[in-house]
Structure formats: C-alpha cells, structure tokens
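Q:
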Amino acid sequence: MNATYVLSQKGVEALARYVAPDTLFAFDLDGTLAPIVEDYSAATIEEPVRITLKRLTKLATVAVITGRSRQDAMTILALQPQLLVGNHGAEWPDQEENLNCRHATICQKWHECLHSMLHQEQGVEIEFKGESVTLHYRKAADAENALTRIYAAIEKLDPAPRIIGGKFVVNVLPMEAFTKGAALVAAMEMFGLKRAIFFGDDVTDEEVFRLQNVDVLGIHIGMDNQTAAPYYLKKQSELLGVLNSTVAVLESHC
Ligand SMILES: [Mg+2]
91 MNATYVLSQK GVEALARYVA PDTLFAFDLD GTLAPIVEDY SAATIEEPVR
141 ITLKRLTKLA TVAVITGRSR QDAMTILALQ PQLLVGNHGA EWPDQEENLN
191 CRHATICQKW HECLHSMLHQ EQGVEIEFKG ESVTLHYRKA ADAENALTRI
241 YAAIEKLDPA PRIIGGKFVV NVLPMEAFTK GAALVAAMEM FGLKRAIFFG
291 DDVTDEEVFR LQNVDVLGIH IGMDNQTAAP YYLKKQSELL GVLNSTVAVL
341 ESHC
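Structure representation (structure tokens):
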C-alpha cells in the first residue's frame, strides 16, 4: 500500500476537497490527538492542539473514537466534541446509565480471569474498561515473552473474545461489539453527514481505513506499509499544522 503524504501537493489537494462544514472530522485519541507516552494513564493533549480542536468543534462536527473508556477520554480531552465514542467504537454516550450489560458482565469475568493468570507477570497491566479489557505490556522487560503469555491467557477466556492488537497493547472485546469502523458509519448517519476525514494511528483504526462504500478520507499518523489508509502524516506533531489549516479554511467559509 503506497499511502500519500498529506502535506505533499497531491495530499493537500485531496484534503482540500474534504475540508467543509458538512464533513465529519473524526479522530482517534492516543497517538493521534495525544502523543504516545510510556505511562498510558499520563497521556495528555498538548494545549495548542486542544485550542485548535475546540475551534474546529465550533465550525464543524467533531467525533473522537477511542479505545479508552469515555470517562477516561473525557478527562484527557478536556473539551466537548460533538461525539465521543469509547471502547473501540462500542461505548456511546447514551449508554452511560446502562452500559451494555451483557458486554460488561463478560468483560468483568474476563478481567478477573486475566488478573488471576497474569498478575505476577512483570510489566503487564490489565485495564478494565467496562466494555473491553486492555492488556498493556509496554513496561515489560521482554515484550515478546509478555505478549506470548498474554495470548496464552486470552486463549483460555470463555466466551472467546475478539482480539485487537496495538502498540504494546492487546484489547479483548465481545465478538458482537461495535468496531471503530461501524462507529464511524453510525456517527455519519447520526449527524446526516456524507463525508468524513479520519485520523488514526493504530491497528483498531484500520477498521475505519478499510471501510468500503463510505466517503472517508483516511489519514494514518506515521508511515506504515501495512496501513489501508490512503494518506499519512509523518509524525503526530504534524497534526497541529493540519488542524490549523483546516480551521483557517472553515473560517473562510463563514
Ligand atoms: Mg491510537
């Protein structure tokens, strides 16, 4: 897959066709809006990005679709996009009062099982997120070994989960939970928007990049030969420039 650099002439032209008030601007959080950090609980959005994103919410519809729980993501964002979907596409705002009970029960059970199997594993952290469980192994001295142990533990889970890998994380979700791709399509329908731009950096974001028959401009953060996204930014810090130009174009529409 040969993705095009967004800040090349061809990339800028493609982006320009999508930047409009009736486009859904959708973003992953970690590694996209927020730089990846060693300690996942310490992730933050840099202030210039936050300010620009806030301006964007006044000019167009913004959705953040993240693997984190909504509550966790809300704290990091410290601003209100029109839509915030958590748990890799599964957790929607109106579910807060009654989390999908079946999914939550399954995840609770998985969490307990994983904890009993992996609690002595050095550098492995297990995060229960209501409707998914994330296993972090960034801090493991031997990442390969930690991953092998994580997969061995996941294999024992009942019911068998959907597994989504990532950067030093493995996520387990109920088989029938919404993916990020399904979430983006549902968001476009909800807002009545026919076009979207989506920025993401991780394996879970590929579900968006692989969408067919939906008008989405996919932009991968970082160069990656495996991505299905047609466009990319070289690094996360380049997002601010794109956001600034986007806001400037939208303001000229007003
Ligand atoms: Mg990410």
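For the sequence shown, the positions run 91 to 344 when this note's numbering is used.
We put the CB at the ideal spot given by N, CA and C, even for glycine.
1. With C-beta atoms as the reference, is T147 less than 9 Å away from F289?
2. In terms of alpha-carbon separation, which member of A124, D292, A286 and K324 lies closest to A106?
3. Using the Cβ count rule (16 or more neighbours within 10 Å means buried), how would you classify K100?
4. In three-state terms, what does DSSP make of L97?
5. Kindly list the residues whose CB is nearer than 6 Å to the CB of I240, restricted to its own chain and excluding five residues on each side of it in sequence; keep chain order.
6. If you follow the alpha helix (DSSP H) that G331 is in, where does it begin and where does it stop?
7. Whose CB is closer than 5 Å to a heavy atom of ligand 1? List the residues in chain order.
8. Could you tell me how far apart the beta carbons of A116 and A277 are, in whole angstroms, since I believe they sit closer than 8 Å?
9. With a 10 Å radius around its C-beta and 16 neighbouring C-beta atoms as the bar for buried, classify A264 as buried or exposed.
10. Are the CB atoms of R145 and A168 nearer to each other than 9 Å?
11. Using C-beta distances below 7 Å, list every residue in its chain close to N334, excluding the 5 sequence neighbours before and after it, in chain order.
12. So the beta strand (DSSP E) H310 belongs to, where does it begin and stop?
13. Whole beta strand (DSSP E) runs in the segment 206–247 with 3 or more residues, listed along the chain?
A: Checking against the coordinates, here is how it stands:
1. As a position in the sequence shown, residue 147 is number 57, starting the count at 1. As a position in the sequence shown, residue 289 is number 199, starting the count at 1. The answer is no: Cβ separation not under 9 Å.
2. The residue you call residue 106 lines up with position 16 of the sequence shown. A106 has its Cα closest to that of A286, out of A124, D292, A286 and K324.
3. Along the sequence shown, one-based indexing puts residue 100 at 10. Under this definition K100 is an exposed residue.
4. As a first step, residue 97 is located in the sequence shown; it is residue number 7 there, counting from the start. Looking at L97 - three-state DSSP - the assignment turns out to be coil, as it is neither helix nor strand.
5. Taking the sequence shown and counting its residues from 1, the one referred to as residue 240 is at position 150. If we look at I240 and ignore the five residues flanking it on each side, its Cβ neighbours are L225 and V260.
6. As a first step, residue 331 is located in the sequence shown; it is residue number 241 there, counting from the start. Residues L329 to H343.
7. D118, D120, G121, D291 and D292
8. To locate residue 116, count along the sequence shown from 1; it is residue 26. To locate residue 277, count along the sequence shown from 1; it is residue 187. The Cβ separation is near 7 Å, so the contact holds.
9. For the purposes of this step, residue 264 is identified with residue 174 of the sequence shown, where counting begins at 1. Note that residue 264 is Pro in the sequence shown, not Ala. It counts as buried.
10. Position 55 of the sequence shown holds residue 145. Position 78 of the sequence shown holds residue 168. Result no, Cβ atoms of R145 and A168 do not sit closer than 9 Å.
11. Position 244 of the sequence shown, counted from the start, is the residue given in the question as residue 334. Only T142 meet the Cβ criterion.
12. Working through the sequence shown from its first residue, we reach residue 310 at position 220. Here the beta strand (DSSP E) through H310 covers D305 to I311.
13. 215–218 and 223–226
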